[in-house]
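J.: Before we start, here is the structure in question, set down as structure tokens.
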Amino acid sequence: MSKKRHGTSALPIQHDLRWGCDVQTADRICNHNRHYAEHSGYWKTTRFLKQESAASGVVDFYDSNSGKLLFQAPKSRTFAAFIKESTSHGWPSFRDSEVNWDEVRVLKNGEVVSLNGTHLGHNLPDKKGNRYCINLVSVAGRPLDN
Numbered sequence: 269m270s271k272k273r274h275g276t277s278a279l280p281i282q283h284d285l286r287w288g289c290d291v292q293t294a295d296r297i298c299n300h301n302r303h304y305a306e307h308s309g310y311w312k313t314t315r316f317l318k319q320e321s322a323a324s325g326v327v328d329f330y331d332s333n334s335g336k337l338l339f340q341a342p343k344s345r346t347f348a349a350f351i352k353e354s355t356s357h358g359w360p361s362f363r364d365s366e367v368n369w370d371e372v373r374v375l376k377n378g379e380v381v382s383l384n385g386t387h388l389g390h391n392l393p394d395k396k397g398n399r400y401c402i403n404l405v406s407v408a409g410r411p412l413d414n
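Each residue of the sequence shown is one higher than the one before, counting from 269 in my numbering.
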């Protein structure tokens, strides 16, 4: 990705990320990084599991820079299955049906990015198919009026 106004993104991180995600960590991971991730299990140290549950239905995940919708989960599986897989791998793990392909791309090296330039995570396929391990700080944005 080419350099933009704010690292790899044209926009800085939102200052009121959901689930209590740390803004400095988000800025480092989303905009000034091509390879690294938040630490494994970081998402479990946030308020995500206190605020989201099966009762939440499908949870929307927005770009922490642009506020654009990137993922919706769970789809074609239960919330419990989404949490179990995410816990097993250490990061929120999404499947093809849960990706907003109008806003997300997978680069040849497996890096997952938003069209805005936000580093999201990596595609690490398994026996079930594509598995997108995504940093929660990258998708903890709030929707913006676009």
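Even for Gly, the Cβ is constructed at its ideal location relative to N, Cα and C.
#1: List the residues that DSSP assigns as beta-bridge partners of N391.
#2: If you count every other CB in all the chains shown that lies within 10 Å of the CB of V439, and 16 or more means buried, which is it?
#3: Under 8 Å by Cβ, that's how I've got N299 and G275 pegged, so tell me the actual separation to the nearest angstrom.
#4: Just the Cα atoms here: how many angstroms apart are I402 and H390?
#5: Identify, in the order they occur along the chain, each residue of the same chain with its Cβ nearer than 7 Å to the Cβ of S332, setting aside the five sequence neighbours on each side.
#6: Tell me, which residues are paired with A341 by DSSP?
#7: Exposed or buried, R373, counting other C-beta atoms within 10 Å across all chains shown (16 or more means buried)?
#8: If you count every other CB in all the chains shown that lies within 10 Å of the CB of W359, and 16 or more means buried, which is it?
#9: Please classify A408: does DSSP put it in a helix, a strand, or coil?
#10: For G288, which three-state DSSP category applies?
#11: Since N368 contacts L388 with CB under 8 Å, what's their CB separation in whole angstroms?
#12: So what does DSSP say about H357, is it helix, strand or coil?
#13: Since E366 contacts K343 with CB under 8 Å, what's their CB separation in whole angstroms?
#14: Specify the secondary structure class of R373 as computed by DSSP and reduced to three states.
#15: Once you ignore the five residues that flank A322 on each side, which residues in its own chain have a CB closer than 6 Å to its CB?
T.: Taking the definition as stated:
#1: If you number the sequence shown from 1, residue 391 lands on position 123. Partner(s): Y400.
#2: No answer is possible for residue 439: the residues shown for the chain start at 269 and end at 414.
#3: For this step, residue 299 is matched to residue 31 along the sequence shown. For this step, residue 275 is matched to residue 7 along the sequence shown. The beta carbons of N299 and G275 sit about 3 Å from each other, so the pair counts as a contact at 8 Å.
#4: In the sequence shown, residue 402 corresponds to position 134, counting from 1. In the sequence shown, residue 390 corresponds to position 122, counting from 1. Between the C-alpha atoms of I402 and H390 there is a straight-line separation of about 7 Å.
#5: What you label residue 332 is simply residue 64 of the sequence shown in a count that begins at 1. For S332, same chain residues with a beta-carbon under 7 Å away, outside a window of 5 residues either side, are I281, Q282, L285, A294, C298, T386, V405, S406, V407, A408 and G409 in chain order.
#6: The sequence position of residue 341 within the sequence shown is 73, counting from 1. In the DSSP assignment, the residues bridged to A341 are V327.
#7: Translated into positions along the sequence shown, residue 373 becomes position 105. The residue is exposed, with fewer than 16 neighbouring Cβ atoms inside 10 Å.
#8: Along the sequence shown, one-based indexing puts residue 359 at 91. Note on W359: 16 or more other CB atoms within 10 angstroms of its CB, so buried under the neighbour-count rule.
#9: Mapped onto the sequence shown, residue 408 falls at position 140. Note: A408 maps to strand in three-state DSSP.
#10: The residue labelled residue 288 in the question sits at position 20 within the sequence shown. G288 falls in the helix class under three-state DSSP.
#11: Walking along the sequence shown from the start, residue 368 turns up at place 100. Walking along the sequence shown from the start, residue 388 turns up at place 120. Incorrect: roughly 11 Å between the Cβ atoms, too far for contact.
#12: By one-based count along the sequence shown, residue 357 stands at place 89. H357 falls in the helix class under three-state DSSP.
#13: Within the sequence shown, residue 366 is the residue found at index 98, counting from 1. Within the sequence shown, residue 343 is the residue found at index 75, counting from 1. About 5 Å separates the Cβ atoms of E366 and K343, confirming a contact at the 8 Å cut-off.
#14: Here residue 373 corresponds to residue number 105 of the sequence shown, with the count starting at 1. In the structure shown, R373 sits in a strand (DSSP, three-state: E or B).
#15: By one-based count along the sequence shown, residue 322 stands at place 54. Cβ contact annotation for A322 (same chain, cutoff 6 Å, sequence separation greater than five): F347, in chain order.
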